Amino acid sequence: MTTERRSVKKRKIDLVGIAAYVFLAAFTFLSVFPWFWNLLSSFKTTTDIWARPPLFIFDPTLNNYYSAFVTRNFALFLKNTIVVGLAATALCLVIGVPAAYAFSRFKTFIGNNQLFFFILTTRMAPGFVEIIPLYLIFKNIGLLGSPIALVFAHVYVNLAFVIWLMKGFFDEITVDLDERAMIDGASRIRAFFQLILPLTLPGLVTTAIFVLIFSWNEFLFALILTGGLSRTLPVAIPGLVTPAGTYWGEVMAVATVITVPILIFATAVRKYLVRGLTFGAVK
Amino acid sequence: MARVRIEGITKTFGSKRALNGMSFDAKDGELVALLGPSGAGKTTTFRIIAGVETSDSGNIYMDDVPINDVSPKERDVAMVFQSYALFPNMNVYRNLAFPLRMRGFKKDKIDERVKETAKMLRIDHLLEREVTFLSGGERQRVALGGGMVRKAKLLLLDEPLTNLDAKLRLHMRLELRKIQKEIGQTTIFNTPDQLEALTMADRIAVVKDGKVQQYDTSINIYNNPKTTFVADFTGSPGMNLVDCLYKEKDGSAILVNDGLAFDITQNRELVKQKASGDELVVGIRPADLNIAKERRAENDIPGEVYVVEPTGFTQIIDFKVGSQIIKIETLAALKCDLGDKVFVAPNMSKLHVFDKKTGEIIY
Amino acid sequence: MKDTANLKIENVTRKFGKTTALNNVTLNVEDKDFVALLGPSGCGKTTLMRCIAGLDKPDTGSIYMDGQKINDLPPQDRDIALVFQFYAVYPGTNVFGNIAFPLWARKVPKDEVKRRVTETSERLGIGHLLEQKMSKLNVGEKQRVGLARALVRQPKMFLLDEPLTNMDARLRLIVRGELKRIVKDTGLTAIVVSHDQLEAMTMADKIAVMNAGRILQYDTVDNVYHDPNCLFVADFLGSPGMNLIPATLTQKNEMLCLDTGAFTLDVSQHRELIREKTTNSELVLGIRPERIRISDEKDKDAIVGKIDRAELMGDKQNFITQIANVRINVLSPTVLDYEDGDNIHLRLPMEYIHIFDKTSEMAIL
Chain A
1 MTTERRSVKK RKIDLVGIAA YVFLAAFTFL SVFPWFWNLL SSFKTTTDIW
51 ARPPLFIFDP TLNNYYSAFV TRNFALFLKN TIVVGLAATA LCLVIGVPAA
101 YAFSRFKTFI GNNQLFFFIL TTRMAPGFVE IIPLYLIFKN IGLLGSPIAL
151 VFAHVYVNLA FVIWLMKGFF DEITVDLDER AMIDGASRIR AFFQLILPLT
201 LPGLVTTAIF VLIFSWNEFL FALILTGGLS RTLPVAIPGL VTPAGTYWGE
251 VMAVATVITV PILIFATAVR KYLVRGLTFG AVK
Chain B
284 MARVRIEGIT KTFGSKRALN GMSFDAKDGE LVALLGPSGA GKTTTFRIIA
334 GVETSDSGNI YMDDVPINDV SPKERDVAMV FQSYALFPNM NVYRNLAFPL
384 RMRGFKKDKI DERVKETAKM LRIDHLLERE VTFLSGGERQ RVALGGGMVR
434 KAKLLLLDEP LTNLDAKLRL HMRLELRKIQ KEIGQTTIFN TPDQLEALTM
484 ADRIAVVKDG KVQQYDTSIN IYNNPKTTFV ADFTGSPGMN LVDCLYKEKD
534 GSAILVNDGL AFDITQNREL VKQKASGDEL VVGIRPADLN IAKERRAEND
584 IPGEVYVVEP TGFTQIIDFK VGSQIIKIET LAALKCDLGD KVFVAPNMSK
634 LHVFDKKTGE IIY
Chain C
647 MKDTANLKIE NVTRKFGKTT ALNNVTLNVE DKDFVALLGP SGCGKTTLMR
697 CIAGLDKPDT GSIYMDGQKI NDLPPQDRDI ALVFQFYAVY PGTNVFGNIA
747 FPLWARKVPK DEVKRRVTET SERLGIGHLL EQKMSKLNVG EKQRVGLARA
797 LVRQPKMFLL DEPLTNMDAR LRLIVRGELK RIVKDTGLTA IVVSHDQLEA
847 MTMADKIAVM NAGRILQYDT VDNVYHDPNC LFVADFLGSP GMNLIPATLT
897 QKNEMLCLDT GAFTLDVSQH RELIREKTTN SELVLGIRPE RIRISDEKDK
947 DAIVGKIDRA ELMGDKQNFI TQIANVRINV LSPTVLDYED GDNIHLRLPM
997 EYIHIFDKTS EMAIL
């Protein structure tokens, strides 16, 4: 009688497993296909793009890429996006990580919890609310349209998150380690750089990736704060949609270029990403 | 190796008074225990001595030089944390070398010291291993090594044996003391376990609520406790403490409680002099009470067996007199059952009397 | 009020994947017995307890309570009260509410509840605290509320899961005796699970020493302590544990001796017994630290050792003694005048000697 029950149980599990796989496969397909089609289309001529039925086999051409990046200056926009992304990430880390450490370690300074909470609340206002003031501020300083403004905006938006995430990582490391290092002869700063920071590498990588990806794809602030030659890729693409018609080929090419670097980067560090997400966020 | 003196340290955390005038000292090469229940302020004291926490008032002297305002890294104090604080991304060698690197030792000197310390703690075969792959006992030795490798003037051990299993703890009690005596480093360790303190330390500072109640050798702490707290906290079971009232009867002085009466006529004057009132506490250790099934002397105390707890070759008999329960330690040979009527005679020369209000010893 | 409650566990096996938690375990708990399941973590004691309580099911074998097979009976129908480590009292309600809870859950009528709660709490000496809020009680009283709550269901049996483990040393001493007394007073059959040999010895009547899914020895506390049937049991009970010294059986002229490398012991009187039980000559000599007799330098036949460390243990003293390459503990019931480094003269009385076979680890003597 026991053996019967066991085989029934096994069968049940298989059903659930199959259903799960089917669901996941469908979901994956639906997520990946648009991007794949995008990639394919970027190598097609306009006629091929519009072909009915849709073409999977065709004569590839690099015209779209040349047209977008050389003729229409997208190489410049790409450079802008990279510069802003890296700068925002770097600033977020340089300001946020030490701040997170301070919040984690120096629990006795007055208002610690309130200060931390206050910083978190800065992220609760929707982007739209902050756009107008930022626009006016930068206009008055005369930095409107400069990449500096956008970097500032991106840092502003992400800093709270960086501090929150990194504080979680620092909290994971017992204060005993800091204190042991100090008793053994390291100054607090030395202890921080040489010992504690390396232990939070997954956190640092995760944070960097988040900020980078955010900045790379960000549209709203970029739209308002940049223009003309200082535009980033997400903002420049709409420029390909003209009253005369949409340059689909170029759109596809640019869209592909937007996604590929991030994809490669994220794949390379995905090990850290998983560790980082599960370690820090849950606490 | 140095003399250390701590005087009148106070520390308040928010509304809590953690340390209330902590004072004790350690002689050169001594092994001193800080014994007390959790929350008594033992770890806080250590952190203040090491310099990672500041005191509100009080002084710390190393070789008679005050070190209150010296930063932790200048203090020449090494500390081993209860959690061991091993760097997880380093192997054993680097964990041991760390303190020496921080202090600017030269590479070959580091190598020599690390190997010497590892050999002494018998972890020299583990030098290449990552610390996350070590057993609990091995990690403890690495932590100890990290503290000893510097040969600092003072070594602080925060509950060094607490995280080990029972058998290992027994073994390390002896080893730790042996190593300490071998290297002659002045060492203070922390523990809530009275047996650990009694077996290991040269002197014990018994701590309660941030204050040292008694500071003396193991034998004196055990045989001549200064307060009811020390009497109760040492020994397993601790000293029996019975609240009594002083009464004069027919020319004798006796302390009474329910069915119990202790004749202390001999020490009447002493008690009258030192006591703050009529309320006193009689203290006698479980092993200093004699129990038998028949009455042997006139002032034997009658009562019944409340429960019998065998502990191997001895047993603890909970003896009920009126509403009081007194624990008696006796050899297992005496077979008693619940409810048996028995007679108990205290060893009067080992009887102590404390003042109830102050908790201080009278004799 | 209640009829008998005996437990019979027969050939119970329980596996978790590749690990065998319980390996053909048989145990008989008589009515009113207080039995301890003692062993290191991973020995199977918790699994066995869970099977008895109904929280887990054995793969093979049977469990009988009063003759009735209870393998398939769900926990709530088994009439066993399980008391957890922290006594799990509800802080919000008062004492009465805490104790009455399991009865309310079973829809027992109100006046019956009142009667039983009052009766049980009187028995445990907390009858006067029924109206009190839980927060106002001390730890001992809270513990009794937890016990009352288990008792009020009038179970046939008590299962206690490591009841003293999480208490600090002082509280443990107070609670230990009380708990034993309460169990004796109520006359219930009880099983306590523990990894602490002192806890098991002080509380239970009988101990089942377990390791690696098996019961190695099941006997009264006295017998398990004084007559261990194997090395594991001999080593596990007692603190400091039994001195276990490897020795070789040798023939010296007419005498049969055990040679430890540091001293020899004449065991000729047990020649028959030893020959019967083993052909191995690699044996282990065992003697408890408290059984070694300390004599003086006038004793010419004494074994001379050097005191490595004279440990003060309160009233007693433990001499960690080195004799050539053998190190042993010698426990003295009083504090003596020896110091570290002194010589000490010892005798090992034959009546307290244990001999084990080194390979099989079973007791010979």
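Residue numbers (my numbering), protein chains in the order written: chain A, 1 to 283; chain B, 284 to 646; chain C, 647 to 1011.
Every residue gets a Cβ at the ideal spot worked out from N, C-alpha and C, and that includes glycine.
All of these numbers come straight from a predicted model, not from anything done at the bench.
Proximity of chain B to A/THR206 at the Cβ level (cut-off 9 Å) is not reached, the minimal Cβ distance being about 18 Å. Along the stretch 174-189 of chain A, going in chain order, the ones with a CB nearer than 8 Å to a CB of chain B are THR174, ASP176, LEU177, GLU179, ARG180, ALA181, MET182, ILE183, ASP184, GLY185, ALA186, SER187.
A Cβ of chain B is located within less than 8 Å of the beta carbon of C/GLU957. Scanning its chain for C-beta atoms nearer than 6 Å, with the 5 sequence neighbours on each side dropped, one finds around C/PRO979 the residues LYS962, in chain order. By the Cβ-count criterion, A/MET182 is buried, with 16 or more other Cβ atoms from all chains shown falling within 10 Å of its own Cβ. C/PHE662 has C/THR665 as its beta-bridge partners, per DSSP.
Between B/THR594 and C/LEU844 a beta carbon distance of about 6 Å is seen, short of the 8 Å cut, so the two are scored as contacting.
Using a Cβ distance threshold of 8 Å, B/ALA480 and A/LEU177 do not count as a contacting pair. Comparing alpha-carbon positions, the option among B/SER340, B/GLY334, B/ALA309, B/GLY319 lying closest to B/THR295 turns out to be B/SER340. For C/VAL829, the enclosing alpha helix (DSSP H) covers residues 815-832. Exposure of A/VAL260 is indicated by the presence of fewer than 16 other C-beta atoms within 10 angstroms of its C-beta. No Cβ-Cβ contact shorter than 8 Å links C/GLY932 with C/ALA970.
Under the three-state reduction of DSSP, B/LEU478 is assigned to helix. Straight through space, the alpha carbons of A/VAL235 and A/THR89 are spaced by roughly 20 Å.
Contact note: A/PRO198 reaches chain B through ASN372, using a C-beta cutoff of 8 Å and chain order. Fewer than three pairs of CB atoms, one per stretch, sit closer than 8 Å, so the stretch 619-634 of chain B makes no contact with the stretch 495-505 of chain B.
Here A/PHE56 carries a coil assignment [DSSP, helix/strand/coil]. Looking from the CA of B/SER519, the closest CA among C/GLY792, C/ASP814, C/LEU793 belongs to C/ASP814. Take B/ALA333, set aside five residues on each side of it, and the residues of its chain with a beta-carbon closer than 8 Å to its own are PRO355, ARG358, VAL360, MET362, LEU439, in chain order. For A/LEU195, the residues of chain B that pass the 7 Å Cβ criterion are PHE370, in the order they occur in the chain. Looking at the DSSP output, A/ALA255 shares a beta bridge with no other residue. In the DSSP assignment, B/GLN423 falls outside any beta strand (DSSP E) and lies within the alpha helix (DSSP H) extending over 419-431. Per DSSP, the beta bridge partners of B/PRO629 are B/LEU572. C/LEU844 reaches chain B at THR594, counting residues in chain order whose Cβ is nearer than 7 Å. In the same chain as B/ARG433, and ignoring 5 residues on each side of it, the C-beta atoms closer than 6 Å to its own belong to ALA361, PRO382, in chain order.
For B/ALA361, a Cβ of chain A is located within less than 8 Å of the residue's own Cβ. Here B/ARG452 carries a helix assignment [DSSP, helix/strand/coil].
Runs of beta strand (DSSP E) with 3 or more residues, each lying fully within the stretch 589-646 of chain B, are found at 597-604, 607-614, 624-629, 635-638, listed in chain order. If you draw a 10 Å sphere on the C-beta of B/VAL397, you find 16 or more other C-beta atoms in it, and that means buried. Below the 8 Å Cβ cutoff, chain B contributes GLU592, PRO593, THR594, ILE599 as neighbours of C/THR848, in chain order. From the listed residues B/GLY419, B/THR470, B/VAL590, the smallest Cα separation to B/ARG286 is found for B/THR470.
In this structure, C/MET849 is the residue among C/PHE965, C/MET849, C/LEU904, C/LEU862 with its C-alpha nearest to the C-alpha of C/LEU810.
Separation of C/VAL791 and C/PRO737 (C-alpha to C-alpha, rounded to the nearest whole angstrom) is 11 Å.
When DSSP reads this structure, A/ASP178 sits in no beta bridge, so it has no partner.
Non-local beta-carbon contacts of A/ALA99 in its own chain, meaning distances under 7 Å to residues more than five positions away in sequence, involve ILE163 in chain order.
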